[in-house]
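A quick write-up on the structure given underneath.
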Amino acid sequence: MDTNQYLEVFIDESNEHLQSCSESLLVLEQNPDNIEIVNDIFRNAHTLKGMSATMGFEDIADLTHKMENVLDAIRNHKIQVTAELLDVVFESVDHLEEMVSDISNGGDGKKDVTQTVEKLKRLESGESIENIETVVAAPSETVTEVAESKLIFDDFEQTVLEQSMEQGFSAYEINISLREDCLLKAARVYMVFEILEKLGEVIKSTPTVEKLEEEKFDTDFSVAFVTKENQDDLKQKLMKVSEVDVVNVQPVQLKKMEMPSDIEEKKVEEVAAVETPKPTPTKATPTKTEAPKTVKNNNSSKTIRVNIERLDILMNLFEELVIDRGRLQSISMELNHNELNDTVERMTRVSGDLQNIILNMRMVPVETVFNRFPKMVRQLSRDLKKKINLEIIGAETELDRTVIDEIGDPLVHLIRNALDHGIESPEERLAAGKPETGSVELRAYHSGNHVFIEIEDDGAGIDRERVLQKAISKGVVTEEASHSMTDNQINELILASGFSTAEVISDVSGRGVGLDVVKSTIESLGGSISIESEHGKGSLFSIQLPLTLSIISVMLVEIEKEVYAVPLSSIIETSIIKRSDILNAHNQKVIDFRGKVVPLVFLDEIFEVPREDYEDDGFLSVVLVRKGDRIAGLVVDSFIGQQEIVLKSLGNYLTNVFAISGATILGNGQVALIVDCNALIK
Amino acid sequence: MTELLDTEVVKVIVFQLGDKEYAIPVSQVQGIEKTVFITRVPSTVHYVKGVINLRGVVTPIIDLRERFGIHSDVQGEDTRIIIISYADMEVGLIVDAANDVMDLPKNAIEPQPEVVGSLEEEFIAGVAKIDKRLLILLNLEKVLNTLK
Numbered sequence: 001m002d003t004n005q006y007l008e009v010f011i012d013e014s015n016e017h018l019q020s021c022s023e024s025l026l027v028l029e030q031n032p033d034n035i036e037i038v039n040d041i042f043r044n045a046h047t048l049k050g051m052s053a054t055m056g057f058e059d060i061a062d063l064t065h066k067m068e069n070v071l072d073a074i075r076n077h078k079i080q081v082t083a084e085l086l087d088v089v090f091e092s093v094d095h096l097e098e099m100v101s102d103i104s105n106g107g108d109g110k111k112d113v114t115q116t117v118e119k120l121k122r123l124e125s126g127e128s129i130e131n132i133e134t135v136v137a138a139p140s141e142t143v144t145e146v147a148e149s150k151l152i153f154d155d156f157e158q159t160v161l162e163q164s165m166e167q168g169f170s171a172y173e174i175n176i177s178l179r180e181d182c183l184l185k186a187a188r189v190y191m192v193f194e195i196l197e198k199l200g201e202v203i204k205s206t207p208t209v210e211k212l213e214e215e216k217f218d219t220d221f222s223v224a225f226v227t228k229e230n231q232d233d234l235k236q237k238l239m240k241v242s243e244v245d246v247v248n249v250q251p252v253q254l255k256k257m258e259m260p261s262d263i264e265e266k267k268v269e270e271v272a273a274v275e276t277p278k279p280t281p282t283k284a285t286p287t288k289t290e291a292p293k294t295v296k297n298n299n300s301s302k303t304i305r306v307n308i309e310r311l312d313i314l315m316n317l318f319e320e321l322v323i324d325r326g327r328l329q330s331i332s333m334e335l336n337h338n339e340l341n342d343t344v345e346r347m348t349r350v351s352g353d354l355q356n357i358i359l360n361m362r363m364v365p366v367e368t369v370f371n372r373f374p375k376m377v378r379q380l381s382r383d384l385k386k387k388i389n390l391e392i393i394g395a396e397t398e399l400d401r402t403v404i405d406e407i408g409d410p411l412v413h414l415i416r417n418a419l420d421h422g423i424e425s426p427e428e429r430l431a432a433g434k435p436e437t438g439s440v441e442l443r444a445y446h447s448g449n450h451v452f453i454e455i456e457d458d459g460a461g462i463d464r465e466r467v468l469q470k471a472i473s474k475g476v477v478t479e480e481a482s483h484s485m486t487d488n489q490i491n492e493l494i495l496a497s498g499f500s501t502a503e504v505i506s507d508v509s510g511r512g513v514g515l516d517v518v519k520s521t522i523e524s525l526g527g528s529i530s531i532e533s534e535h536g537k538g539s540l541f542s543i544q545l546p547l548t549l550s551i552i553s554v555m556l557v558e559i560e561k562e563v564y565a566v567p568l569s570s571i572i573e574t575s576i577i578k579r580s581d582i583l584n585a586h587n588q589k590v591i592d593f594r595g596k597v598v599p600l601v602f603l604d605e606i607f608e609v610p611r612e613d614y615e616d617d618g619f620l621s622v623v624l625v626r627k628g629d630r631i632a633g634l635v636v637d638s639f640i641g642q643q644e645i646v647l648k649s650l651g652n653y654l655t656n657v658f659a660i661s662g663a664t665i666l667g668n669g670q671v672a673l674i675v676d677c678n679a680l681i682k
Numbered sequence: 001m002t003e004l005l006d007t008e009v010v011k012v013i014v015f016q017l018g019d020k021e022y023a024i025p026v027s028q029v030q031g032i033e034k035t036v037f038i039t040r041v042p043s044t045v046h047y048v049k050g051v052i053n054l055r056g057v058v059t060p061i062i063d064l065r066e067r068f069g070i071h072s073d074v075q076g077e078d079t080r081i082i083i084i085s086y087a088d089m090e091v092g093l094i095v096d097a098a099n100d101v102m103d104l105p106k107n108a109i110e111p112q113p114e115v116v117g118s119l120e121e122e123f124i125a126g127v128a129k130i131d132k133r134l135l136i137l138l139n140l141e142k143v144l145n146t147l148k
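First to last, the protein sequences are chains E and D. Just so you know, we're using my numbering here: the first sequence kicks off at 1 and counts up by one. Just so you know, we're using my numbering here: the second sequence kicks off at 1 and counts up by one.
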């Protein structure tokens, strides 16, 4: 079956199922007795198994199958939900996520998960997983114990072995050790396999054949082998291969099946899943519970899946329309024809509504980014041995998809930072009179034309003294400059590049190369980040983001014959001042604006606008813009007016043009450049 | 310019710049436009004339004369902008005239002669002599390079 066309759907749905798996797992952790949640996870795992088997991703199917067995055992009250068990299930979900992401990156979704599989198996049979790591991770330690089997069979291999035994073959486990000084290990392996293949059939080898061929093993390897030869002959033949040190042949001990019939059933089911193109193999297993059937019906709200590319195309087409709308508006103004004016006005209104709808369609709840954090925090707090409670507020807040795509990594970084550097260890917290469990709050909310995302922790806060010392020693600021800095300015030093206050570099958060990337990513999205912090009480990182990136309101200004666009979001107001009001501070021209000293930026100088005959009428048009709490006045020739424009990039050839963040197309078809106010305010 | 070597004939666009004729493989050409209003982009290199609106896409424009160091300001009736696409970049090149589309036999292309002696030497991928015309094949990578 050609499965390629389903691949995209498979990846999407797998990710969804895995996501809901991990969400449910987190809930389960809080309510270990709630079987309903286990059922949920089971259903997700089951669907995933069916899909992956259909698509031919055996490793995923296999791992989910094992996971499902454990979940099934929980459902049937055979085993209890323990922290240990959840860890293993989480681990499996992690592996599955990696496999799926491998597939979406064009890989084959294969991954060696033997250890996890073994843990799952032990869990299923109610054994402890305590000692498993040593057994599986270091098989060489057990080499001398002949009785210990080094081969672990999955269901398929088990069945093959059983069947061949029924047909009168003997199954042996052969452990072969090559001599320490063996030079051509791969060649010896090849010779051994050649002999074996003449005599019977190799069912499995550990390490895998690929690894053996690449010499990725020590000196020992094991194979499971079915043959009609007897044990001693086999051994002698193998010993003839030179440089083979020890050969151990012993009959395979198949594990006692607790529920052989159950396994048979599952076998059938798996086969069915492979052969039938249906994503859920429920029909092949009449003995299964009804649960999986309900999966599809869950998505009953009336939505359709639209490829994001189509939405992008729709958006592009609409952008064209907005440009033409601008052109029509200017034509109708010139002509001043009543009916034309009416029509254009109507069209403007309709297209305005259309714009809202299209922009809304591209809005995605931040939940899609936030939902990976609970698991991350859980894992990290374990790694860091801290007790942390993550609270998410406003996950339903919507943001443009382009922003969503970009904001994930910076948020991950900030949260890691809060966990690693912010929240103290339980002992320190108790000593400081705080509750043992630290809290991190992740908030998202709308405000005006912006979305705010805040990360607040009640941890140690920023030690401004240390930050300053560090910044001075690293040359980020000068000693003199440091005296006049405000608290917030000092806080923001931690966002400067080459800065890291953690004395011990940890894997968790950065080497001081992260927070500055966070800052630049956010700024490239047209947003800003600010930090509030009180030493000993905690910190608040606040990110302000624009609602959308594609259509923005700007103020068009003119310098000589050139038109520039200044984003309305950074404009405070416009003003006309007398040239005589300009004051000189050092080399900087400033004005006194409502009691504040505001530096002036002459755009014609910055942009090297060719001046012909410039008439100075004694007045200047100034656009007052802000970046954070700093203000500057942009001097232009004249204001044209406010307009909605479509943001376009300058392309891949012109990158990093100073103080220009992009371009737009005006009503007359010409290109106007968008002024990057952030670059103009130092 | 590997595709030059793979095929027997290469289809090229021939354009005029000063008194010489240049060629770019058709596969790298997106279109040929008449000159339109160019918006100047401040603080870029001198040969980047600015950007134009190419059917809704903001496209940077390079003045090939400036790029090759041929200083003159002839903007005639025939002046064209050749839109090329190379390594994810779409860029327009201002040329004096777009003359021809022709098939260049692969074996007619020779490496550039050692003594060309002009400033644009480094931008040349090879030369081809067809009848009595000498066509200079441009190395687009070099032409676009320095800005990266």
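Every residue, glycine too, gets a C-beta built ideally from N, C-alpha and C. Note that the coordinates shown come from a computational prediction; the quantities given were computed from them, not determined experimentally.
Here the stretch 11-28 of chain D does not lie against the stretch 587-597 of chain E, with fewer than 3 beta-carbon pairs under 8 Å apart. Collapsing the DSSP output to three states places Ala431/E in a helix. Taking 8 Å as the cut-off, the Cβ atoms of Ile640/E and Val563/E count as close. Note: His450/E is bridge-paired with Ser447/E, Pro546/E in the DSSP secondary-structure output. Neighbours of Tyr653/E in chain D, taken as residues at a C-beta separation under 7 Å, are given in chain order as Pro60, Met89, Val91, Leu144, Leu147. Among the CB atoms of chain E, none fall inside 8 Å of the CB of Arg80/D. Remark: C-beta atoms of Ile203/E and Glu157/E approach each other more closely than 8 Å. Judged by beta-carbon spacing, Val88/E lies beyond the 8 Å limit of Thr64/E, meaning their Cβ atoms are not closer than that value. Boundaries for Val476/E: no beta strand (DSSP E) harbours it, and the DSSP string shows neither H nor E there. Within chain E, the residues whose beta carbon sits less than 8 Å from that of Val41/D are Leu650, Leu654, Val657, Ile660, Leu673, listed in sequence order.
Taking all protein chains in view, the Cβ of Tyr172/E is crowded by 16 or more other Cβ atoms within 10 Å, so the residue is classified as buried. Here the alpha carbons of Ala471/E and Glu479/E stand approximately 9 Å from one another.
Listed along the chain, the chain D residues whose CB falls inside 7 Å of the CB of Phe607/E are Pro42.
No Cβ of chain D is located within less than 8 Å of the beta carbon of Gln544/E. Taking C-alpha positions only, Gly408/E is separated from Ser524/E by approximately 14 Å. Within the stretch 53-127 of chain E, the complete alpha helix (DSSP H) runs of at least 4 residues fall at 58-75, 83-104, 114-124. Taken in chain order, the whole alpha helix (DSSP H) runs of length 4 or more contained in the stretch 389-441 of chain E are 401-417, 426-431. Using a Cβ distance threshold of 8 Å, Arg80/D and Val57/D do not count as a contacting pair. Non-local C-beta neighbours of Val241/E in its own chain, meaning closer than 8 Å and more than five positions away in sequence, comprise Arg188, Met191, Val192, Ile195, ordered along the chain. With respect to the 8 Å criterion, Val247/E and Phe169/E are not classified as neighbours on the basis of their beta carbons. Judged by their CB atoms, Thr39/D and Leu603/E are not nearer to each other than the 8 Å cut-off.
In this structure the stretch 364-378 of chain E does not touch the stretch 337-349 of chain E; the number of beta carbon pairs closer than 8 Å is below three. In the three-state scheme derived from DSSP, where H, G and I count as helix and E and B as strand, Phe225/E is classed as strand.
The residue from Asn668/E, Leu335/E, Ala460/E, Lys386/E with its alpha-carbon nearest to that of Glu532/E is Ala460/E. Taking 8 Å as the threshold, the shortest C-beta distance from Gly669/E to chain D falls below it. Under the Cβ criterion of 8 Å, Val12/D is not counted among the residues facing chain E. Distance check between Val646/E and each of Val322/E, Phe217/E, Arg372/E, Gly56/E places Val322/E closest, using alpha-carbon atoms only. Below the 8 Å Cβ cutoff, chain D contributes Thr39, Val51, Val58 as neighbours of Ala663/E, in chain order. At a Cβ-Cβ threshold of 8 Å, Glu454/E and Ser542/E count as neighbours.
Nearest CB-CB separation between Ile640/E and chain D: not below the 8 Å threshold. Not a single CB atom of chain D sits nearer than 8 Å to the CB of Ile645/E. For chain D, the residues of the stretch 316-345 of chain E that bring a beta carbon within less than 9 Å of one of its beta carbons are Asn316, Glu319, Glu320, Ile323, in chain order. Around Val609/E, the same chain offers Ile559, Glu560, Glu562, Leu603 as residues with beta carbons nearer than 8 Å, after the five sequence neighbours per side are excluded. At a cut-off of 8 Å, the C-beta of Val48/D has a neighbouring C-beta in chain E.
At least 8 Å separates the CB of Glu558/E from every CB of chain D.
Nothing from the stretch 194-211 of chain E brings a Cβ to less than 7 Å from some Cβ of chain D.
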